[in-house]
Every structure is written in structure tokens, then in C-alpha cells.
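A short worksheet on the structure shown next.
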Ligand code: HEC
Ligand code: HEC
Ligand code: HEC
Ligand code: HEC
Ligand code: HEC
Ligand code: HEC
Ligand code: HEC
Ligand code: HEC
Ligand code: HEC
Ligand code: HEC
Ligand code: HEC
Ligand code: HEC
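Structure below.
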């Protein structure tokens, strides 16, 4: 990513080779600008009052060769863009200058506005249409507009999440990425913006401890999960165990139903062979004598 076809890293004051030349039409305004820059630093009060001599000199130079326009001069006629770049230019401030992008200036040249592909290529992201639909101001390249329903463009950088929603179909697969990650890049939504909790004591962390959000029907959980979470949907199991007088009473749901929702362990997973073979041959079902795991008879 970020491989540049062409990259200039420094702004050379007053000698940028690619800078455009202004025509005679713009020449006189331009020379005033140049003079402002040449002498302005000594004259704190503002534009140096022009003397007859310097006006003549300016006119003479302008009619012979128009000097190259430099980055420092743009601000004289375009106050807004330098201000934006200064505040939020990011790498468009530090890694390139005005004339790296604006190679020509009207009316001298028509290529005043650069294509992004001049510098950004060789990655799926740079093949997208309409860069400006998200990067709405090139002078503030990371002030993004994330509007409409967007999925494909996100996947140019987040393939993994795209694969998760595609390979594990759920109602979330039908949502655009930014229906949840709305308005600003990297924003994480709270589940409760759209859903009710199963139990009052749940929070965002508990939701995602059971539901990986991009594949919410693949429910897994840790051995710390409290039994009342399960009880939100399985109240019968909870009440049977609560009433039970055997040692199963003390066990958490997830101690037996481990890791993955709907796992049901066989009794022998924990008890091996607790009775002689002869007995188990006659009564193959543990439940014949012990009832169920929740309503165990000891
Ligand atoms: C002396 C005043 C002046 C200076 C200095 C100046 N510009 Fe301009 N610029 C103009 C004017 C006037 C226009 C409008 C020209 C037109 O529409 O034909 C313009 C237009 C532009 C445009 C629009 C081009 C387009 O095709 O729509 C860009 C981009 C631009 N300038 C960039 C720059 C940059 C970068 C610099 C500094 C390197 C700069 N200008 C310096 C006066 C100036
Ligand atoms: C990374 C490339 C890039 C840099 C650096 C850059 N510009 Fe631009 N500029 C653009 C593009 C692209 C546009 C067309 C509008 C847009 O997409 O924001 C533009 C538009 C303009 C315009 C035309 C007005 C408009 O909004 O359409 C002016 C003037 C201008 N830039 C001046 C400057 C000045 C001055 C600098 C340096 C302080 C500068 N730009 C730095 C890419 C750049
Ligand atoms: C003259 C070369 C040039 C042009 C044209 C250009 N860029 Fe860049 N851009 C750069 C460089 C250099 C960087 C920093 C290195 C990198 O990230 O690849 C950069 C970085 C960026 C960044 C990341 C900014 C940051 O601070 O991390 C964005 C976003 C971006 N460009 C978008 C665009 C868009 C959109 C366009 C077209 C409207 C565009 N660029 C045109 C040179 C350019
Ligand atoms: C659907 C919105 C969208 C579109 C369309 C879009 N981008 Fe981006 N772009 C982003 C987002 C989001 C980022 C990540 C910003 C961040 O990291 O904060 C980004 C980051 C970038 C970056 C800097 C990160 C990097 O390392 O690559 C560049 C450069 C860039 N985009 C260029 C472009 C260009 C060129 C186009 C058009 C061909 C374009 N983008 C189209 C949303 C978009
Ligand atoms: C040009 C590449 C690029 C594009 C396009 C892009 N992202 Fe990102 N995204 C990033 C980068 C880089 C990060 C930071 C990753 C990190 O911190 O590990 C990120 C982080 C995120 C995060 C995580 C924030 C966190 O707290 O971990 C979310 C959510 C996100 N992006 C959503 C999206 C969505 C939705 C889209 C489409 C609208 C999108 N991204 C488009 C590059 C991109
Ligand atoms: C139903 C809402 C929702 C949808 C739809 C959604 N996400 Fe997320 N996404 C989230 C939440 C919530 C998190 C935080 C998860 C966490 O902390 O465990 C997240 C986290 C992320 C992250 C950070 C890394 C990670 O995996 O935790 C990225 C990147 C991301 N999402 C990108 C996407 C992309 C790309 C899409 C579209 C294919 C998408 N998301 C669709 C809600 C959603
Ligand atoms: C922007 C809204 C939004 C956010 C945020 C969101 N969801 Fe959803 N989710 C939906 C919609 C819409 C559906 C489908 C209708 C429904 O079941 O309510 C859905 C369905 C589900 C389903 C059932 C899936 C199916 O296919 O039956 C689960 C589970 C789920 N969400 C969990 C979560 C969790 C956990 C979070 C937070 C990590 C979350 N959701 C965040 C909108 C959202
Ligand atoms: C202990 C694990 C667990 C926790 C914690 C959990 N869920 Fe669930 N959730 C499930 C199970 C299991 C289902 C049922 C899945 C099925 O039908 O196969 C479910 C179903 C859902 C559904 C689908 C509609 C429904 O009610 O059946 C939504 C929406 C949902 N959960 C959202 C959430 C939200 C929001 C949170 C956090 C407040 C959350 N879940 C916390 C396990 C959990
Ligand atoms: C949001 C509701 C919800 C939550 C929370 C929930 N389940 Fe379920 N559970 C269901 C549904 C729905 C089924 C399917 C019932 C059916 O198929 O008749 C189910 C089925 C089961 C089954 C039976 C599988 C089978 O083959 O009969 C077990 C075991 C189970 N859940 C254990 C748990 C455990 C343990 C927890 C807590 C970690 C939990 N459940 C949390 C909704 C939930
Ligand atoms: C995930 C492991 C696990 C599973 C599966 C399991 N048990 Fe247990 N069972 C235990 C533990 C732990 C104890 C307590 C042992 C102790 O403290 O000595 C126990 C105790 C018992 C006891 C003695 C109760 C008492 O109060 O002395 C019986 C009888 C029993 N289990 C039968 C069963 C039967 C029948 C099944 C299948 C329906 C079953 N168990 C499934 C873990 C399990
Ligand atoms: C000692 C291990 C153990 C514990 C603790 C346990 N279960 Fe079970 N559960 C089982 C076994 C074994 C089955 C299979 C039916 C049987 O043989 O009793 C089962 C069956 C289920 C079923 C399938 C339908 C049914 O009710 O038979 C659900 C749902 C369930 N358990 C939920 C829970 C919940 C919720 C908890 C916590 C309140 C829990 N279980 C605690 C072992 C356990
Ligand atoms: C014919 C009735 C019968 C069947 C069938 C049966 N048990 Fe038992 N089980 C008992 C009796 C009676 C006891 C208590 C007397 C004892 O300790 O031997 C007992 C005790 C136990 C104990 C507690 C042992 C201890 O050391 O405290 C466990 C665990 C157990 N059974 C598990 C099982 C499992 C698992 C199965 C199925 C493979 C099973 N039983 C089948 C009658 C049965």
C-alpha cells in the first residue's frame, strides 16, 4: 500500500521544477506577490509601498520571463486551501506540496487538477470509483464522508470482516458495513442501539463474549459465563437445577455445556464408568436410575 509512482518529499522554495508559469495576463499581480514575499518579512506593517523603480523592474521581468510560481505564493490568491492543509493536510501537508499536485496553472496549462492515480496506484483501494465521494476535500484527505450504504469499498482494506459475514450468513450479512459503523471511520456501535438485552446485567462486553458480531449466530462463550445469562432463554433448566439437591446443583451451565452453544455432553464424558459392566448392560440408560442431569437423583 501507499506505493507511489512519483513522489517528491520536499518543497523547494522559489525553484520547484514543475511549477507552472503565469502568463503576462497574471504577471503584474504575480510580481506584486513576489515582491511581497521578497521584502514582506522586513516590513511587518504589510505590503511594502512600491517604489517607481521596483514597479519598472517588475514590469520588465514580467514581460521577458514569468518566474515559476512557488508553493509559498499560492496563499496570496488562494487563502483557503493552505489554511485547510495546515489544519488537516496529514501527509498531503508533509509529503507533498501544492505544485506537486497542481503542476499547471490556468491559463498557461489545463492540467490544474491532479488525478489521484498520479500518485496512488497498485492496490484494490485505489481502483475504486469517485474517490471524492469519501475523501471530499483532498486538502484534508482523512476528513472522510461515510454516507450511503457502503460495503465493497470497506473490503478493500477489511477483507477479513467481509469473509466473516459472507461465510456465516445471518441478519447482519444483509446490513451494509456502515449501517453499524456509521458516519465516521472506526466508529464501533453499541449493540443496544438496535437490540434489547437478554438480561439486565449484560453489557456490550458480554454481548460480544457470546456473539462475534460479524457472525452473530456462531455463539461461543467462556467458562466464566454466569448461568443467569443462559437462564434468560432456558428458565426451566435453571429452576430444575436450583431445586436439585445433588452436587450438580453447584455446577454452572457452562461447566457442562462447554464453549459452544447447544453442546450436550454425555454423562460418561465426566463420569467414565461409575458402575460394573454387568449392571450397565441391564440398565444402559443412566437416566433409568438418575433422572436427568438437571433433575438428578443421587
Ligand atoms: C496571483 C494570483 C494567483 C496565484 C499566486 C496563484 N493563483 Fe491559482 N488561480 C488564480 C486565479 C485568478 C485562478 C482562476 C483562473 C481561472 O479560472 O481561469 C486560479 C485557479 C487555480 C486553480 C484552479 C484550476 C482549475 O483548473 O480549476 C488551482 C488548482 C490553482 N489556482 C492553484 C494554485 C496554486 C497551487 C498556486 C501556487 C503554486 C496558485 N494557484 C497561485 C490566481 C492565482
Ligand atoms: C495531494 C494533492 C493536492 C495538494 C497537495 C494540493 N491540492 Fe489543491 N486540489 C487538489 C485537488 C484534487 C483539487 C480538486 C478539488 C478537490 O478534490 O478537493 C484541488 C483544488 C484546488 C483549488 C481549486 C479550488 C477548488 O477547491 O476546486 C485550489 C485553488 C487549490 N487546490 C490550491 C491548492 C494550494 C494552494 C495547495 C497548497 C497549499 C494545494 N492546493 C495542495 C489536490 C491537491
Ligand atoms: C502528487 C502526488 C499525490 C496526489 C496527486 C495525491 N496524493 Fe494522496 N498522498 C500522497 C502522498 C505522498 C501521501 C503519503 C504517502 C502515502 O500514504 O501513500 C498521500 C497520502 C494520502 C492519504 C493519507 C493521508 C494521511 O495523512 O495519512 C489520503 C487519504 C490520500 N493521499 C488521498 C488522496 C486522494 C483521494 C487523492 C486524489 C483526490 C490524492 N491523494 C492525490 C501524494 C499524492
Ligand atoms: C467508500 C469510501 C472511500 C472511497 C470511495 C475511497 N476511499 Fe480512500 N479511504 C477510505 C477510508 C475509510 C480510508 C481509511 C482512512 C483511515 O485510515 O483513517 C481511506 C484511506 C485512503 C488512503 C490512505 C490509507 C492508505 O494507506 O492507503 C489513501 C491514499 C486513499 N484512501 C486513497 C483513495 C483513492 C485514491 C480513492 C479513489 C480511487 C479512494 N481512496 C476512495 C475511504 C474511501
Ligand atoms: C484504505 C483502507 C481502509 C478502508 C477503505 C477502510 N478502513 Fe477501516 N481501518 C483502516 C485502518 C488502517 C484501521 C486501523 C486498524 C488498526 O488500528 O489496527 C481501520 C480500522 C477500522 C475499524 C476498527 C476500529 C477499532 O476500534 O478497532 C473499523 C470498525 C473500521 N475500520 C471500519 C471500516 C468501515 C466500515 C469501512 C468502510 C466504510 C472502512 N473501515 C474502510 C483502513 C481502512
Ligand atoms: C451489526 C453491526 C455491524 C456490522 C453490519 C458490521 N460491523 Fe464491524 N463491528 C461491529 C462491532 C460491534 C464491532 C466491535 C466488535 C468487538 O469489539 O468485538 C466491529 C468491529 C469491526 C472492526 C474491528 C476489528 C474487529 O473485527 O473487531 C472492523 C475492521 C470492522 N468491524 C469492519 C466491518 C466491515 C468491513 C463490515 C462490513 C463487511 C462490518 N464491520 C459490519 C459491528 C458491525
Ligand atoms: C445498526 C443496528 C444493529 C447493531 C448495532 C447490531 N445489530 Fe444485531 N441485528 C440487527 C438487525 C436489523 C437484525 C435482524 C433483525 C433482528 O433480529 O432484530 C439483527 C440480528 C441480530 C442477531 C440474530 C441474527 C439472525 O440472523 O437471526 C443477533 C444474534 C444479533 N443481531 C446480535 C447483535 C450483537 C451481539 C450486536 C453488538 C455486538 C449487534 N447485533 C449489533 C441490527 C443491528
Ligand atoms: C451467554 C451467551 C449470550 C450472551 C451474553 C448474549 N447472547 Fe444473544 N443470544 C445467545 C444465544 C444462544 C442466542 C440464540 C441463538 C439461536 O437461536 O441459535 C442469542 C440470540 C440473540 C439475538 C437474536 C434474537 C433473539 O433474541 O433470539 C439477538 C438480537 C441477540 N442475541 C443479541 C444479544 C445482545 C444485544 C447481547 C448483549 C446484551 C447478547 N445477545 C448477549 C447467547 C447470548
Ligand atoms: C437468547 C436465547 C438463548 C440464550 C441466552 C441461550 N440459549 Fe441455549 N438455546 C436457545 C435456543 C433458541 C435453542 C434451540 C432450542 C430448540 O432447538 O428447541 C437453544 C438450545 C440449547 C441447548 C440444546 C441443544 C439440543 O440439542 O437440544 C443447550 C444445551 C443450550 N441451548 C444451552 C445453553 C447454554 C449453556 C446457554 C448459556 C451459556 C444458553 N443455551 C443460552 C436460546 C438461547
Ligand atoms: C461436565 C461434567 C459432568 C457431566 C456431563 C455429568 N456430570 Fe455428574 N457430576 C459432575 C460433577 C463435577 C459431580 C460432582 C462430583 C463430586 O463432587 O464428587 C457430579 C456428580 C454426579 C453424581 C453424584 C451426585 C451427588 O450429589 O453425589 C451423579 C449421580 C451424577 N453426577 C450423575 C450424572 C449423570 C447421570 C450424568 C448424565 C445425565 C452426569 N452426571 C453428567 C460432572 C458431570
Ligand atoms: C452436570 C452437567 C449439566 C449442567 C450443570 C447443566 N446441564 Fe444442561 N444438560 C446436561 C445434559 C447431560 C443434558 C442432556 C439431557 C440429559 O441427559 O439430562 C442437558 C440438556 C440441556 C438442554 C436441552 C433441553 C433440556 O432441557 O433437556 C438445555 C437447554 C440445557 N441442558 C441447558 C442448561 C442450562 C441453561 C444449564 C444451567 C442452568 C444447564 N443446562 C446445566 C448437562 C448439564
Ligand atoms: C440401575 C440403576 C443405576 C444406573 C443405570 C446407573 N446408576 Fe449411577 N448410581 C446408582 C446408585 C444406586 C448409586 C448410589 C450408590 C453407589 O454409590 O453405588 C449411583 C451412584 C452414581 C454416582 C456417584 C458415585 C460416587 O462415587 O458418589 C455416579 C457419578 C453415577 N452413579 C453415575 C452414573 C452414570 C454416568 C450412569 C450411566 C452410565 C449410571 N450412574 C447408571 C444407580 C444407577
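Numbering (the numbering used here), first residue to last: 17 to 314. Idealized CB from N, CA, C, for every residue including glycine.
Less than 7 Å between the beta carbons of residue i and residue j, yes or no?
{"i": "residue 215", "j": "residue 192", "result": "no"}
{"i": "residue 207", "j": "residue 226", "result": "no"}
{"i": "residue 218", "j": "residue 180", "result": "no"}
{"i": "residue 156", "j": "residue 115", "result": "no"}
{"i": "residue 269", "j": "residue 243", "result": "yes"}
{"i": "residue 120", "j": "residue 113", "result": "no"}
{"i": "residue 306", "j": "residue 313", "result": "yes"}
{"i": "residue 236", "j": "residue 261", "result": "no"}
For residue i, name the three-state secondary structure that DSSP assigns.
{"i": "residue 308", "result": "coil"}
{"i": "residue 177", "result": "helix"}
{"i": "residue 160", "result": "strand"}
{"i": "residue 84", "result": "strand"}
{"i": "residue 287", "result": "helix"}
{"i": "residue 133", "result": "helix"}
{"i": "residue 231", "result": "coil"}
{"i": "residue 218", "result": "coil"}
{"i": "residue 128", "result": "coil"}
Measuring only from the beta carbon, is residue i closer than 6 Å to any heavy atom that is part of ligand 11?
{"i": "residue 243", "result": "yes"}
{"i": "residue 170", "result": "no"}
DSSP beta-bridge partners for residue i?
{"i": "residue 236", "result": "276"}
{"i": "residue 151", "result": "160"}
{"i": "residue 199", "result": "162"}
Got a sec? Which residues, its chain only, sit under 6 Å from residue i by beta carbon, not counting five neighbours each side?
{"i": "residue 279", "result": "273"}
{"i": "residue 289", "result": "none"}
What residues in its chain sit with their C-beta under 7 Å from that of residue i, if we drop five residues either side in the sequence?
{"i": "residue 162", "result": "150, 194, 199, 200 and 201"}
{"i": "residue 234", "result": "184 and 228"}
{"i": "residue 265", "result": "257"}
Cutting at 8 Å between CB atoms, please list the residues of its own chain near residue i, excluding the five before and the five after it.
{"i": "residue 204", "result": "197"}
Answer yes or no: the CB of residue i versus the heavy atoms of ligand 7, is any distance below 6 Å?
{"i": "residue 310", "result": "no"}
Would the beta-carbon of residue i be found less than 6 Å away from any heavy atom of ligand 3?
{"i": "residue 117", "result": "yes"}
Heavy atom of ligand 2 less than 6 Å from the Cβ of residue i, yes or no?
{"i": "residue 95", "result": "no"}
Say yes only if the C-beta of residue i is nearer than 6 Å to one or more non-hydrogen atoms of ligand 6, and no if none qualify.
{"i": "residue 158", "result": "no"}
Give a single yes or no on whether residue i has its beta carbon closer than 6 Å to a heavy atom of ligand 4.
{"i": "residue 104", "result": "no"}
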